[in-house]
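**Student:** Chains as they are written, first to last, in the numbering used here: chain A, 1 to 575; chain B, 1001 to 1575.
Where is the CB? At the ideal position from N, CA and C, for every residue including glycine.
1. What does residue 397 of chain A reach in chain B if we use C-beta pairs closer than 8 Å?
2. Check the Cβ of residue 1178 of chain B against every Cβ in chain A and list those closer than 7 Å, keeping chain order.
3. Could you say which of B/1306, B/1304 and B/1281 lies nearest to residue 1297 of chain B if we only look at CA atoms?
4. Under DSSP, the alpha helix (DSSP H) around residue 367 of chain A begins and ends at which residues?
5. Given a limit of 7 Å on CB to CB distance, which residues of the region 1425 to 1440 of chain B reach chain A?
6. Does the beta-carbon of residue 1 of chain A have 16 or more other beta-carbons within 10 angstroms, so that it is buried, or is it exposed?
7. If you measure from the CB of residue 1045 of chain B, is any heavy atom of the ligand PLP nearer than 8 Å?
8. In terms of DSSP beta bridges, what is residue 541 of chain A paired with?
9. Could you check where the beta strand (DSSP E) with residue 440 of chain A kicks off and where it finishes?
10. Quick test of your reading: residue 1145 of chain B and residue 1105 of chain B, contact by CB under 8 Å. State the CB separation rounded to the nearest angstrom.
11. Using the rule of at least 16 other Cβ atoms within 10 Å of the residue's Cβ for burial, across every protein chain shown, is residue 597 of chain A buried or exposed?
12. Please name the residue or residues paired with residue 1298 of chain B in a DSSP beta bridge.
13. What is the DSSP secondary structure of residue 1272 of chain B, counted as helix, strand or coil?
14. Could you tell me the boundaries of the beta strand (DSSP E) in which residue 182 of chain A lies?
15. Which residues, taken in chain order from the region 1289 to 1301 of chain B, show a beta carbon closer than 7 Å to some beta carbon of chain A?
16. So residue 1231 of chain B packs on residue 1265 of chain B, CB below 8 Å; how close in whole Å?
17. In its own chain, which residues sit with a C-beta less than 8 Å from the C-beta of residue 416 of chain A, not counting the 5 before and 5 after it?
18. How long is the line joining the alpha carbons of residue 436 of chain A and residue 1176 of chain B, rounded to whole angstroms?
19. Taking Cβ to Cβ, would you say residue 1315 of chain B is nearer than 9 Å to residue 1307 of chain B?
20. Taking residue 275 of chain A as the reference, give the member of A/288, A/326 and A/262 with the closest Cα.
21. To the nearest angstrom, how far is it from the Cα of residue 1202 of chain B to the Cα of residue 1180 of chain B?
22. Listing by chain order, which chain B residues have their CB less than 9 Å from the CB of residue 403 of chain A?
23. For residue 1461 of chain B, collect the residues of the same chain with a Cβ closer than 6 Å to its Cβ; drop the 5 residues on either side in sequence, then sort them by chain order.
24. Please report the Cβ distance between residue 124 of chain A and residue 42 of chain A, rounded to the nearest whole angstrom; I am assuming they are in contact, meaning their Cβ atoms lie under 8 Å.
25. In angstroms with no decimal places, state the Cα-to-Cα distance between residue 1166 of chain B and residue 1182 of chain B.
26. Identify whether residue 1105 of chain B lies in helix, strand or coil by the three-state DSSP scheme.
27. Go through its chain and collect everything with a Cβ distance to residue 1273 of chain B's Cβ below 6 Å, but skip five positions before and after it.
28. Under 9 Å between the Cβ atoms of residue 1481 of chain B and residue 1451 of chain B?
29. Who are the Cβ neighbours of residue 1086 of chain B in its own chain at under 6 Å, not counting the five residues just before and after it?
30. Could you give the uninterrupted runs of the beta strand (DSSP E) lying entirely in the region 375 to 405 of chain A, keeping only those of 3 residues or more?
31. Have a look at residue 1439 of chain B and residue 507 of chain A and give me their C-alpha separation to the nearest angstrom.
32. Where are the alpha helix (DSSP H) runs, 4 residues long or more, that stay fully inside the region 120 to 168 of chain A, in chain order?
33. Here's a check: name, in chain order, each residue in its chain whose Cβ is nearer than 7 Å to the Cβ of residue 64 of chain A, leaving out the five neighbours to either side.
34. Compute the Euclidean distance between the alpha carbons of residue 32 of chain A and residue 128 of chain A, then round it to the nearest angstrom.
35. Classify residue 958 of chain B: buried if its beta carbon has 16 or more other beta carbons within 10 angstroms, exposed otherwise.
36. Just confirm the distance between the C-beta atoms of residue 1188 of chain B and residue 1151 of chain B, as a whole number of angstroms; I'd bet it's less than 8 Å.
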C-alpha cells in the first residue's frame, strides 16, 4: 500500500493506549445515566410531540421534520409568528408591548423542545430558568419603561462547551461530568447582559473534533430537513435547533468547520468570524493555549440579518475586549450594501482533493448563474496548495501528540467513538511535534495566507464562493472530509455559510456517465464519493460558503445578505 | 546557593556545546574583515569629522556628541535647519520647491555619517544610492508636478535585519554574511513606495537578544548624549542615528524592549505598537514561526509627531495588510487630542524586581508632578505578578531549547559575545519545552493580560506610566535587566518611550541614606543597582514609558504628544 496521506487517517489502525479503560469508566456510568435521565425529564409534558410513527421509522422515511411541524401545526399560529421572527422584530414587538419576553421564550422553548424530539439537539433544557429570566426582563421593562439592551427577550441557544453559570460544563468529555462552572464565559455573559434569554444547551461530539455529533453523553444529532442525516458538527445541536427555529440565533465554535458544517448540513446560516473578534474566554475544551490553529466562536441563524444583529450588538454594545484581552478592539463597522454589479467573486468548484457530489454542483451552478445575472463578475478559481493546507492543518490539530486528549479522555477511560479514533489519527497522530516543527507549521500557514491574500488583492477579488463540504448532509458518523471548511480555518478568512434555498432532489442530483469515469485522487475521495447515493439524501439543504479577506467580516455579511435575500431570495422564516 | 531565578541567567555557567567552533569560524574572518572595511570606506571624505581628541579620550570624557555637533558647527546652518525638521515640514518644503529631495538627503546623510563616527551606529552607509533615489524623486516631481507620496524625500533609517533589496541581510549572524536578499521586506517596501529615501542600515547585537549592541560585525553602539554609555538595543543603531538626527525616523523591532531601550537610552521617542499592525514579513532573524511571544516593528523619532506620521501614512496609505496577511486590517484612527483633565494615569515607580536608580526616580517624580499640575488623575500602581511575567517571557524566548540559534550561530561557529551567553541562558536555557508546556506559557500570558486589562477597565485607567529600565543608559555590555520593557511585550500593550527632557545630573541623582538600607530582592537587583555610580552617567537622557490598552496605539501616541509637547515641553529639534 502507498503511504497514508495525513488526511487519510481512517486507513490507520492505532491501539489508543492510554485512552480507553472499561474499569475506570464503570464509575462514570451511573453519572452518565443520571445526566441523560435529567435531559429526558426536562422535556415538558405540554411540549411533547405525539409522533405519527415510531421515530426509527420516521428516520427510515427520511422525514422532513420542519415541514412536518408546519403541516401538523405543532405550534399555535401565534407561536409560529413569534418563532419565525428576527431578533429585531422580537425586540421591537416586546418594546411596543405587543409581546412579552415570557411569551417569546415559551414559544421558542416549545419549538426547541420539539426540535430536540426530532433531532436530539439538546444536552440540557431548562425552560423554567428561561421563564424566570424572561419574567425579570418583563419586570424591568415595566418598572423602567425601557428594555435592558438590544437583545432584550431574544432566545439564544448555546453549544454546551461554553461555561454556564451554576451548571456542569463537560465539553463532551466524561471526565468533566462534575465540572461545575460558576460563572458564564465572556460571550454568554455579554449576550445575557444585552438581554438574551437562555433555556437550552446543545450537543457536540466527543473531543469536539468531528463534523458530526456522537459522544458518550448523547446519540447523534440529526438534520431537521431529513432526520436520517447528520446535523453536522461539532456545533451539532446548534445547527439543528437553530434551523428548526428553537432559537433566534445560536453560538457555536469552529476550528475546522464546526460552525459551518452544522449550518450547511442542518439548513441555516452560520458565520465563522475572523479570529480574535468573539471571545472564547470561559469555555471548556482541550484547546487551552493552543494557538497554532485558532478556534473561533460565531453565530448560526435562519437569516443573515440575525447573524449581523448578533455580531453588531455583541461587539458594539458588548465590547468584549473589556473582558478578554486576547481580542482585537475592533467594533463592527457599518459597511454600505454592496452593489452586485461591482462585486468580483472567485468560485471554487472543486478543491482538488474531493470532488463535490451532484447536488452541490447543482447548487454552485445555480448560484453562479444567478450571480452573473445580477451582474457579479465571476472568476473561476482553482485554489492552490489545498493538499498542503489540509495536511498542515491536520498536523496542527494533533501537534501535542494528543497529550491533552489523552489526559481528558483517559481520566475517565471512556470508550472512544468512531470519529474520535479517526480524528486522533489526524496529522501525525500521537507523535508530539518539537517546538521548531510547530514553528514550521506556522510558517507554512502564513505562506498559504499570503498566497491566497495576494490572489485576492491582485485580482481585486472581493469574495470566494465554495462548497462547504463535498456533499450535502451525510449520514451520521460518515463525515470524513474536512478539506472545504478547514481551508478557511488555516487561511483565517471570515466565512459565511449560505443556504441556497435549494434542496437535494434524487431525480436531478445523480452522477452522470462522465462522472463515472472519474479517477479518484485519493482513498478519501473514493470513500466520500461512493457514499453519495441520490435516493438517500432527500431534501437535504444545499449550502455554500462565502469567504472574504481577514477582518472583513462585515463585508462578508453584507454581501451574504444581498446574495441570500435579494439574489437567491432564500426565506427560512416560513410563517 | 539558592536556586537561580529564571531571569538570573548571569549566574549560570553553560558550556554552549554546538555553538562556538574556532575552526569553522576561520573561513568567515576574511569576509567579516571585508564587510567592516566596506563600512569604513563608505564614510565619505567630505563627511569626515576631525575629532577634537582621539575617540577613546572623548569616551572617557563622557562627551555629549549632540551638544558638540551644535557647538562645533559640524553642519552648515541650512543642514541644521533641514535635519532639525519633522517629516511634514520636509515634505511641505519639498512640495513648495524650497528644498529638493537631494538637498534633504545630503544633509541627513552628512549628519548620519557624523553620528556613526561618534556612536558607531551604522552597518552600511550608501549615500550614493540615497542620492540616486532622491534624484528620481526630484525628477518625478518636476515631471508630474506632484509628490510620489506622503513621505516624498524623507530620509528613513532601517535596522539591518529588515531585508534590503539587493543587499546582504545577516541579522547579526555571521553565518548569514552571504545572505543576499533580493527584495525589500514589506515594511521598507511600503515606506519606499510612500517616498522615503534610504542611505543607512544600522547596528544590532548578535542574535538580536541584547538590550545592547555587540556582535561580530561591529563594536558596541554608543549613546549620543554620553558616548561612554550604551545606545541600548537591540535596535541599537536606530537609537543612536535617530537621536543624533541622522534620519527623520527609523524603524526598529521589539520583542523585549528592543525599540524602547534604544529610544530611552539614546534619547529619542520610540513606539512599540500592538502586535500585527506593522509588518515583519521579509525580515531575517531566528524568530520565524515563533508566536509564543510576538516581536513587533515600530518607529523611533525625535518627535511624537513623526512617530504618528510614520504610523498613519504607513497604515492608511500603505495598507500593509494587502502584502502581509498576518496583519490586522486596522487603519490608523484619528483620535481627538486628549484633555489632560480627563486623563487617568497609573504610575509604576518600582516593578518589585529591580529598584530604579536615582535619575529615573527623579524623572518619575518630576513628570508626575507636572501631570498633576496639568490636571491628570494619577493612581499609584503596584503592578501584580511581575516576577511571573518576567519568568514566563524568559521561558518563551528560549522555549525551542535554543535550537534555532544553535543552528544559526553554530553554522559559522562564531564566538559568542557576553550578552549572547546571558540570553541563551534565559528561562530554561537549552531545554526544549514540550507543546503542552508551551501552551501553558500561553495560558499564563493570557491570564496576565486579562489581569492588567481588568485593572485598567475597572479603574478607568487610560495609560500606565513606568520606567523604561531601572536606570538611564548603562555602560556597554552591562545591561542585565529587561523587566520594565518586557512586561509590556508579554502584555502586548502599545508603549511609547517618552523623553522627559531631563538629563542625569551627578549632583542631583545620588543614592540617599535611605536607599543604602535597601534589602536587595535578588542578585539581579543588586547587580543592576550597584552599577549605578552617579559620576559615570553624565547627561544620560531620562526617559519613561507610556502604555495604553491593546490596539489603542492611536490613543497612546495622542497622549504622548500632549505630555511631551504641551506638558513637558520637550524639544529635540534644537535648530
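**Tutor:** Based on what the coordinates show:
1. Residue 397 of chain A sits at position 397 when you count from the first residue of the first chain. For the C-beta of residue 397 of chain A, not a single chain B residue is nearer than 8 Å; the gap to the nearest is close to 12 Å.
2. By 1-based counting over the second chain, the position of residue 1178 of chain B is 178. By Cβ distance, chain A contributes nothing, its closest Cβ being about 22 Å from residue 1178 of chain B, past 7 Å.
3. Reading the second chain from its first residue, position 297 is the one you call residue 1297 of chain B. It is B/1281.
4. If you number the first chain from 1, residue 367 of chain A lands on position 367. Where residue 367 of chain A is concerned, the enclosing alpha helix (DSSP H) starts and stops at 358 to 373.
5. Correct list: 1432, 1433, 1434, 1435, 1436, 1438, 1439 and 1440.
6. On the first chain, position 1 is the one that residue 1 of chain A refers to. Here residue 1 of chain A scores only 39 on pLDDT, less than 50, and its place in the model should not be relied on; the value that follows carries that caveat. Taking all protein chains in view, the Cβ of residue 1 of chain A is surrounded by fewer than 16 other Cβ atoms within 10 Å, so the residue is classified as exposed.
7. The model depicted lacks the ligand PLP and carries no ligand whatsoever.
8. Reading the first chain from its first residue, position 541 is the one you call residue 541 of chain A. Residue 541 of chain A is bridged to A/503.
9. To locate residue 440 of chain A, count along the first chain from 1; it is residue 440. Segment 435 to 458 is the alpha helix (DSSP H) holding residue 440 of chain A; no beta strand (DSSP E) there.
10. As a first step, residue 1145 of chain B must be located in the second chain, where it is residue number 145. As a first step, residue 1105 of chain B must be located in the second chain, where it is residue number 105. By a beta-carbon distance limit of 8 Å, residue 1145 of chain B does not contact residue 1105 of chain B. Their separation comes to about 21 Å.
11. Nothing can be reported for residue 597 of chain A: it is not among the residues displayed for chain A, which extend from 1 to 575.
12. Here residue 1298 of chain B refers to the residue found at position 298 when the second chain is read from its first residue. According to DSSP, which records beta bridges pairwise, residue 1298 of chain B is partnered with B/1252.
13. Walking along the second chain from the start, residue 1272 of chain B turns up at place 272. In the structure shown, residue 1272 of chain B falls within a strand segment according to DSSP collapsed to helix, strand and coil.
14. The residue labelled residue 182 of chain A in the question sits at position 182 within the first chain. Note, residue 182 of chain A: premise wrong, no beta strand (DSSP E); not H, not E.
15. For the region 1289 to 1301 of chain B, the residues whose beta carbon sits under 7 Å from a beta carbon of chain A are, in order, 1289, 1290 and 1291.
16. If you number the second chain from 1, residue 1231 of chain B lands on position 231. If you number the second chain from 1, residue 1265 of chain B lands on position 265. With a beta-carbon spacing of about 6 Å, residue 1231 of chain B and residue 1265 of chain B fall inside the 8 Å limit used to define contacts.
17. Here residue 416 of chain A refers to the residue found at position 416 when the first chain is read from its first residue. Once the five neighbours on either side are set aside, the close Cβ partners of residue 416 of chain A are 16, 19, 20, 206, 409 and 424.
18. Counted from its first residue, the first chain places residue 436 of chain A at position 436. Counted from its first residue, the second chain places residue 1176 of chain B at position 176. C-alpha separation (whole angstroms): 19 Å.
19. The residue given as residue 1315 of chain B occupies position 315 in the second chain. The residue given as residue 1307 of chain B occupies position 307 in the second chain. For residue 1315 of chain B and residue 1307 of chain B, no; Cβs fall outside 9 Å.
20. For the purposes of this step, residue 275 of chain A is taken as the residue at position 275 of the first chain. Nearest Cα to residue 275 of chain A within the set A/288, A/326 and A/262: A/326.
21. Here residue 1202 of chain B refers to the residue found at position 202 when the second chain is read from its first residue. Here residue 1180 of chain B refers to the residue found at position 180 when the second chain is read from its first residue. Counting only the Cα atoms, residue 1180 of chain B lies some 17 Å from residue 1202 of chain B.
22. Counting from 1 along the first chain, the entry for residue 403 of chain A is found at position 403. Simply 1434, 1435 and 1436.
23. As a working note, residue 1461 of chain B is residue 461 in the second chain. Result list for residue 1461 of chain B: 1344 and 1346, in chain order.
24. Stepping through the first chain from its first residue, residue 124 of chain A is reached at position 124. Stepping through the first chain from its first residue, residue 42 of chain A is reached at position 42. Approximately 7 Å separates the beta-carbon atoms of residue 124 of chain A and residue 42 of chain A; this is inside 8 Å, confirming the contact.
25. As a working mapping, residue 1166 of chain B is identified with position 166 in the second chain. As a working mapping, residue 1182 of chain B is identified with position 182 in the second chain. In a straight line, the C-alpha of residue 1166 of chain B is about 5 Å away from that of residue 1182 of chain B.
26. Numbered from its first residue, the second chain carries residue 1105 of chain B at position 105. The answer is helix: DSSP assigns residue 1105 of chain B an H, G or I state.
27. For the purposes of this step, residue 1273 of chain B is taken as the residue at position 273 of the second chain. Closer than 6 Å at the Cβ level, and outside the excluded window around residue 1273 of chain B, lie 1296, 1298, 1494 and 1553.
28. Residue 1481 of chain B sits at position 481 when you count from the first residue of the second chain. Residue 1451 of chain B sits at position 451 when you count from the first residue of the second chain. No. Outside cutoff.
29. In the second chain, the residue the question calls residue 1086 of chain B occupies position 86. Take residue 1086 of chain B, set aside five residues on each side of it, and the residues of its chain with a beta-carbon closer than 6 Å to its own are 1303, 1305 and 1306, in chain order.
30. Within the region 375 to 405 of chain A, the runs of beta strand (DSSP E) that reach at least 3 residues and sit entirely inside it are, in chain order, 377 to 380.
31. Within the second chain, residue 1439 of chain B is the residue found at index 439, counting from 1. Within the first chain, residue 507 of chain A is the residue found at index 507, counting from 1. Here the C-alpha atom of residue 1439 of chain B lies approximately 51 Å from the C-alpha atom of residue 507 of chain A.
32. Correct list: 127 to 144.
33. Residue mapping note: residue 64 of chain A aligns to position 64 of the first chain, counting from 1. Here the set comprises 225, 226 and 539.
34. In the first chain, the residue the question calls residue 32 of chain A occupies position 32. In the first chain, the residue the question calls residue 128 of chain A occupies position 128. If you take the alpha carbons of residue 32 of chain A and residue 128 of chain A, they lie about 23 Å apart.
35. Examination of residue 958 of chain B is not possible in this model, given that chain B is present from 1001 through 1575 alone.
36. Residue 1188 of chain B sits at position 188 when you count from the first residue of the second chain. Residue 1151 of chain B sits at position 151 when you count from the first residue of the second chain. Contact between residue 1188 of chain B and residue 1151 of chain B does not hold, since the beta-carbon distance rounds to 12 Å and is not under 8 Å.
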